[in-house]
RNA sequence: GGCCCUAUCGUCUAAUGGUUAGGACGGCUUUCUUUCAAGAAGCAAAUAGGAGUUCGAUUCUCCUUGGGGCUGCCA
């Protein structure tokens, strides 16, 4: 069963379609992708691990594919384990024929009870199966409802070792592993089995995966040994953690890539954030980098060992940096669907006009919903129009003056309008008295961009209308 | 419980057997200012504890403690 291995780097991302693409899976994919691309000849493989037919769903598979593409992590080869059952059957049958695997008929209840007893005592939860044939010439048979296990050596004193590129040598005691389950039937392999066969069949040279798989590795090595497969190189990535330092899950934050996409995080920004979790660029004071810049300097040896907390504030900052890098046209295109989601169809000309204002203040695209005043009449309490301790009459007077200005010079010339307002502010000896009521009239908010900019975008007619509405309120 | 991984500011991290332990996000202050952002300037903030090796340890070794992962007929 040996075959000639090629020298080129081959790595894989192996998600199971039991949920939307997880942010942690995305980072694992990214590191695999970076590693493959860094070695220019490297191949990056996407393998859908859908051996669990109960939990696997097509919509999750579609999502994984869509989001990986969106992130720009394109794969060179694609496989699905459910297409490969014949391959697994062949290998399982061989193990059975060789007496290296056997049928175990313990019920799930029996096994559960055994586990409980072992855990409550000081034993190790390990199943050494009494159904194991005592002599290897006894051909195992499927007597009905059972499960296939790999024969292991209960009395072994050997340590199973492997070298992890990130962590160095790791070892486990073989006798603590038990007779591990490998398949529910000849044609339905379990995770460990499918992984080992696929990694071999696909000539995977480096298994780069999450730290949560460290304890799985010796079991997979046992399987490799049963077939005489060569061991791939391992690199176990640190986990992405929630704020309480446990594995990132839904109770901490959004965990699926799709959710971040929906909120208007840009793919390059998300990727930038992700590679900063567990890896540092050469010039560590310059953290905004493109994928291509990272490819050049990427190396697994520099990946950190300890878990990294997912900090949404840093993601927001990185995303805002990417938004600032977009030009008007680009940002308009990006933001349009978010505007239309909240406010319905929207004129492209309007979007182009407001984009410079958005650029300075959006952390993520969905925040455009805070700029409602561009798309619909503002609603607000009359109290909001008050500036400091100024009287209603003073506010009214301020509006009267602004009305005069706008009617006179319009809103097209922003500099002129600003000049006039500044002069008005000087006359009042209080710039706020000129600007504050004006902003509230236009936006209904106490915080917004410069009202002059907003008036310019709204146009003369709407501006005057909103001022009048404010005057009526007082 | 057992096995395994891990430990520098709140967070992501840099660095070194001898440094004022550096940067980024966030926070705070100041500035700009009609408000909010953005921008500019600045401030606070860390080597988990204990032994050992050493002239010297945050760095190397061991122990403790903390954190995490795994412990499925899930992946």
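Residue numbers (this note's numbering): 4 to 477.
Think of the CB as a built atom: it goes at the ideal place given N, C-alpha and C, for glycine as much as any other residue.
By DSSP's criteria, residue i is part of a beta bridge. Which residues make up the other side?
i           : result
residue 259 : 25
residue 49  : 16, 81
residue 304 : According to DSSP, residue 304 bridges with nothing at all.
residue 289 : BP columns for residue 289 are empty, so no partner.
residue 439 : Answer is none; residue 439 lacks a bridge partner.
residue 335 : Looking at the DSSP assignment, residue 335 forms no beta bridge with any residue, so it has no partner.
residue 150 : 107
residue 39  : In DSSP, residue 39 forms no bridge with anything.
residue 311 : 243
My output table needs one value for residue i: the three-state DSSP class, helix, strand or coil.
i           : result
residue 474 : helix
residue 155 : coil
residue 450 : coil
residue 276 : helix
residue 163 : strand
residue 171 : strand
residue 409 : helix
residue 414 : coil
residue 141 : Confidence at residue 141 is low in this model, with a pLDDT of 48, below 50, so the placement of that residue is unreliable and no value is reported for it.
residue 323 : helix
residue 283 : coil
residue 379 : coil
residue 391 : coil
residue 93  : helix
residue 445 : helix
residue 345 : helix
residue 73  : helix
residue 330 : coil
residue 5   : Below a pLDDT of 50, predicted positions are generally treated as unreliable, and residue 5, at 49, falls in that range; the measurement from the model is reported next regardless. It is coil, neither helix nor strand.
residue 367 : coil
residue 461 : helix
residue 11  : coil
residue 129 : coil
residue 135 : coil
residue 123 : helix
residue 58  : coil
residue 66  : helix
Just to confirm, is the Cβ distance from residue i to residue j under 8 Å?
i           : j           : result
residue 243 : residue 27  : yes
residue 277 : residue 15  : no
residue 237 : residue 258 : no
residue 186 : residue 103 : no
residue 212 : residue 240 : yes
residue 182 : residue 154 : yes
residue 398 : residue 470 : no
residue 114 : residue 134 : no
residue 322 : residue 268 : yes
residue 60  : residue 20  : yes
residue 371 : residue 341 : yes
residue 388 : residue 455 : no
residue 152 : residue 105 : yes
residue 325 : residue 261 : no
residue 24  : residue 70  : yes
residue 313 : residue 251 : yes
residue 13  : residue 205 : yes
residue 423 : residue 467 : no
residue 275 : residue 303 : no
residue 88  : residue 190 : yes
residue 280 : residue 311 : yes
residue 180 : residue 222 : yes
residue 393 : residue 334 : no
residue 477 : residue 391 : no
Which ranges does the alpha helix (DSSP H) cover as unbroken runs of at least 4 residues, wholly within the segment 213-255, from first to last along the chain? 220-230
Does the segment 344-359 touch the segment 368-387, meaning 3 or more C-beta pairs lie closer than 8 Å? Judged by pairs of C-beta atoms under 8 Å, the segment 368-387 touches the segment 344-359, as three or more such pairs exist.
Note down, one range per segment and in chain order, each beta strand (DSSP E) of at least 3 residues found wholly within the segment 174-214. 184-188, 209-213
Counting Cβ pairs, one atom from each stretch, are 3 or more of them under 8 Å apart for the segment 405-424 and the segment 448-464? yes
Is the segment 39-52 touching the segment 81-88, taking contact as three or more C-beta pairs under 8 Å? Between the segment 39-52 and the segment 81-88, the count of C-beta pairs closer than 8 Å reaches three or more; the two stretches touch.
Within the chosen definition, does the segment 156-175 reach the segment 193-208 through at least 3 CB pairs nearer than 8 Å? no
Taking one C-beta from the segment 296-315 and one from the segment 342-353 each time, how about it: are there three or more such pairs within less than 8 Å? no
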